[in-house]
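Going by UniProt numbering, 157 is the number at position 157 of the sequence shown; the sequence numbering is gapless.
For each residue, glycine too, the CB sits at the ideal point set by N, CA and C.
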Amino acid sequence: MAAAPARARPSASQRRKRGMACSPDWNRGGGPPWPGWTPSASGPPMLRLPRWRGSEGGDRGVPARRPRRPVRIGRNARGARRRAHRRCVLPTIGGPSVWNADMRAASGSARSRMAVALALALTAAAATPAVATSSLERLFEEGRFDAFLERARDAAQRDDAEALFLLGKAYDLGRGVEADADTARAYYERARALGSARASHNLGLMAMSAGDNDDNDEAIVLLEEALTRGLRVPTLYNLGRAHTPPDPTTSFGLRGFVDRARTAGGYYAQACDEAPDAACIADAGRQFLRAYMIARQMPTMTGEERSQLRESALLWLRKGTEAGDGLAWTNYGVLLKLDGDDAGARKAFEAGIEREVPVAYFQLAELARAGEGFEQRDTALALKLYEQAADAGIREAMAPAFRLLQERLEHEEDPAVLERGLQRLASLQPEPGFGDYGIGRLQDRLDWLQFRALNRQSFPARAMWAREDMTLALDACGLDLGGAHGAAYSIGVNSHWRLVAYAAPGEPVRLPIEGRVDAKGCVRKPLKLNEELYRLINDGAEFALAFPNYSLPLLVRFEGEHVVLELRPLGTPLPP
1 MAAAPARARP
11 SASQRRKRGM
21 ACSPDWNRGG
31 GPPWPGWTPS
41 ASGPPMLRLP
51 RWRGSEGGDR
61 GVPARRPRRP
71 VRIGRNARGA
81 RRRAHRRCVL
91 PTIGGPSVWN
101 ADMRAASGSA
111 RSRMAVALAL
121 ALTAAAATPA
131 VATSSLERLF
141 EEGRFDAFLE
151 RARDAAQRDD
161 AEALFLLGKA
171 YDLGRGVEAD
181 ADTARAYYER
191 ARALGSARAS
201 HNLGLMAMSA
211 GDNDDNDEAI
221 VLLEEALTRG
231 LRVPTLYNLG
241 RAHTPPDPTT
251 SFGLRGFVDR
261 ARTAGGYYAQ
271 ACDEAPDAAC
281 IADAGRQFLR
291 AYMIARQMPT
301 MTGEERSQLR
311 ESALLWLRKG
321 TEAGDGLAWT
331 NYGVLLKLDG
341 DDAGARKAFE
351 AGIEREVPVA
361 YFQLAELARA
371 GEGFEQRDTA
381 LALKLYEQAA
391 DAGIREAMAP
401 AFRLLQERLE
411 HEEDPAVLER
421 GLQRLASLQP
431 EPGFGDYGIG
441 RLQDRLDWLQ
451 FRALNRQSFP
461 ARAMWAREDM
471 TLALDACGLD
481 LGGAHGAAYS
491 IGVNSHWRLV
501 AYAAPGEPVR
511 LPIEGRVDAK
521 GCVRKPLKLN
531 EELYRLINDG
541 AEFALAFPNY
551 SLPLLVRFEG
561 EHVVLELRPL
571 GTPLPP
């Protein structure tokens with residue numbers, strides 16, 4: 001039977017000319033790590049979204065930008081071991097998208113649902129008359145490859161379509177022979193020319209896996225050919241896969257993105273009509289939601305179109321929530337958030353958390369940090385949720401968790417708590433060098449707090465020496481640019497200073513004792529030991545000379561009738 005004619009579908013270059021396709025710099029893997037709208041210097045805002053991040057391995061390594069591996073035909077298809085490790089970014093509310101959440105930390109029940117979905121699809125395919133199991137196929141499925149190859153090759157010489165298809169499958173999957181994509185494709189093409197729907201289907205999967213273009217034009221033609229030849233399951237599901245668009249990286253070509261996502265959702269919905277299962281329900285909801293989210297930001301999209309997309313997304317997300325699917329609950333929360341129902345979104349995200357969906361932690365953290373759906377902002381809860389999301393593999397949660405934790409640690413006075421916090425900060429850096437300046441400041445603060453704690457333990461009680469009739473003598477030299485401290489901290493003659501004391505947690509006590517560095521680079525000033533100074537000394541306070549840019553710690557030394565304050569050596573931790 002001759003191959004079915006290709007659809008009248010514009011090419012990628014034609015769509016680019018019409019403003020339908022995205023820019024040619026679409027990434028096939030990775031992508032920018034942070035979500036959100038980035039202002040363009042010379043035009044409209046640019047939508048920056050990370051691409052699909054998929055797992056490796058499986059049948060033939062579906063490109064990482066794709067949300068699901070194709071479902072291959074036959075019980076022995078290695079696609080049964082597929083996993084759903086993926087993630088992308090939700091631009092509208094500033095976090096990772098839930099329509100393709102990272103499943104690596106999802107519950108075992110989520111993984112089992114995926115396996116069940118595949119098993120259902122394969123069972124339905126096997127039940128189709130066009131692929132009813134024959135004696136030749138049973139040899140293949142039972143692993144009796146010597147007998148299978150002998151019979152299949154003999155039948156292939158007589159142009160038997162089934163034998164040609166099964167030989168292609170053997171070389172495609174490496175069953176009984178060494179895997180060879182070119183040989184597999186040649187056998188599939190011969191079977192396709194004889195009218196084999198399964199050969200058309202698997203050639204479509206090979207084209208999709210090759211990733212020659214983002215539009216999957218060749219794959220779609222082949223899969224639709226399989227569909228017209230009567231193979232509905234799993235062709236409908238894989239047509240949804242083929243039409244699923246990569247995430248947009250610019251504000252151009254968004255109409256094409258919406259159309260493709262809507263088409264993908266429609267194919268998933270048809271797949272559910274043929275063989276209902278959790279996988280197609282989830283994918284239909286995701287794609288309609290993707291289309292709706294982008295359509296909301298397009299002024300050229302009519303209100304009726306937006307409403308239809310929203311209703312389609314709502315229909316399939318509710319089907320998922322009724323089935324108890326955690327990702328559906330989380331996606332439903334995103335939809336409610338878009339509609340302004342923060343309280344409803346909070347409940348939906350909490351339902352996702354109950355089902356251990358990692359991205360649900362992130363989405364609820366976003367609400368808690370903004371105080372949306374809560375009586376007030378709850379940064380403590382937001383930090384906890386961000387860290388849980390980051391631990392579960394949601395990289396987009398690392399930066400906000402880092403910043404919230406950094407804010408909490410900036411006023412921490414307990415050295416042990418601060419030290420543990422610094423370790424947590426290091427684990428939350430989304431990339432090398434991120435937040436190094438803030439970490440450095442906190443490390444300086446930790447050094448100072450540890451220095452103070454050690455000094456208080458090792459220094460004898462000052463009350464043994466201090467008396468109220470003593471005088472205070474400031475004697476600190478080397479503060480000109482030729483001196484050790486002056487050169488190290490860019491302090492010179494005539495620099496203003498003030499005496500400060502660090503007695504308790506919080507801000508230092510600014511004492512009414514100030515002046516300027518004299519011509520010799522010294523600070524020398526005799527003072528009476530008043531009640532406040534006497535108390536600070538006996539309480540073990542640390543004194544320092546505060547300059548505009550640095551505060552230099554002072555050593556308290558008793559010398560006869562005087563309490564002498566002199567500079568500590570270079571390298572002593574500085575007050576924050």
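Assigned with DSSP and collapsed to three states, D475 falls in strand.
DSSP places Y187 in the helix class (H, G or I) of the three-state scheme. Under a 10 Å Cβ-count criterion, R420 is classified as exposed, with fewer than 16 other Cβ atoms of the shown protein chains found around its own Cβ.
Sequence-distant partners of A453 (beyond 5 residues in either direction) whose C-beta falls short of 8 Å from its own C-beta, in its chain, are P415. D215 sits buried, since 16 or more C-beta atoms from the chains shown fall within 10 Å of its C-beta. Distance from the CA atom of R535 to the CA atom of L529, rounded to whole angstroms, is 10 Å. Between the segment 259-267 and the segment 275-295 there are three or more inter-stretch CB-CB distances shorter than 8 Å, so the stretches are counted as touching. Below 8 Å, too few C-beta pairs join the segment 241-258 and the segment 226-233 to call them touching: fewer than three. Inclusion of E410 and R445 in the CB contact set at 9 Å is warranted, their separation being smaller than that value.
Inside the segment 209-272, DSSP marks whole alpha helix (DSSP H) runs of 4 or more residues at positions 217-228 and 235-243, from first to last along the chain. A Cβ-Cβ separation of about 7 Å places L449 in contact with L418 under the 8 Å criterion.
Rounded to the nearest whole angstrom, the CA to CA distance from G344 to L239 is 33 Å.
Scanning its chain for C-beta atoms nearer than 7 Å, with the 5 sequence neighbours on each side dropped, one finds around E274 the residues A124, R232, V233 and L236, in chain order. Counting the other Cβ atoms within 10 Å of the Cβ of L315 gives fewer than 16, which makes it exposed. Secondary structure remark: continuous alpha helix (DSSP H) runs of at least 4 residues inside the segment 319-357, in chain order: 326-338 and 342-354. DSSP places V493 in the coil class of the three-state scheme, outside both helix and strand. Taking A401 as the centre and dropping the five residues before and after it, the same chain places the C-beta of L383, Y386, E387, A390 and L428 closer than 7 Å to its C-beta, in chain order. Around the beta carbon of G326, 16 or more other beta carbons sit within 10 angstroms, so the residue counts as buried. Under DSSP, the beta-bridge partners assigned to A546 are R498 and S551. L574 sits in coil when the DSSP states are folded into three classes, being neither helix nor strand.
Within its own chain, the residues whose Cβ lies closer than 7 Å to the Cβ of L222, once the five positions on either side in sequence are excluded, are S200, L203, G204 and A207, listed in chain order.
Distances from the CA of A399 to each of A541, Q308, N331 and G438 were compared; the closest alpha carbon is that of G438. At the C-beta level, L499 and L545 come within 9 Å of one another.
Around the Cβ of P553, a 10 Å sphere holds 16 or more other Cβ atoms; the residue is buried. Assigned with DSSP and collapsed to three states, E514 falls in strand. Per DSSP, the beta-bridge partners of L567 are L554. Assignment of V523 by DSSP, reduced to helix, strand and coil, places it in the strand class. Per DSSP, T379 is one residue of the alpha helix (DSSP H) stretching across T379 to D391.
Taking the Cα of R557 as reference, the smallest distance to any Cα among D475, Y489 and A488 is reached at D475. For the pair L338 and E137, the Cα-to-Cα distance works out to about 50 Å. One thing to note: A163 has its Cβ no nearer than 9 Å to the Cβ of A197. Scanning its chain for C-beta atoms nearer than 7 Å, with the 5 sequence neighbours on each side dropped, one finds around R510 the residues R498 and V500, in chain order. Residue nearest to G521 within the set H496, E532 and L533 is H496 (criterion: CA-CA distance). In the structure shown, the three-state DSSP call for V509 is strand. Cβ-Cβ separation between G492 and A484: approximately 13 Å, too far for a contact (criterion under 8 Å).
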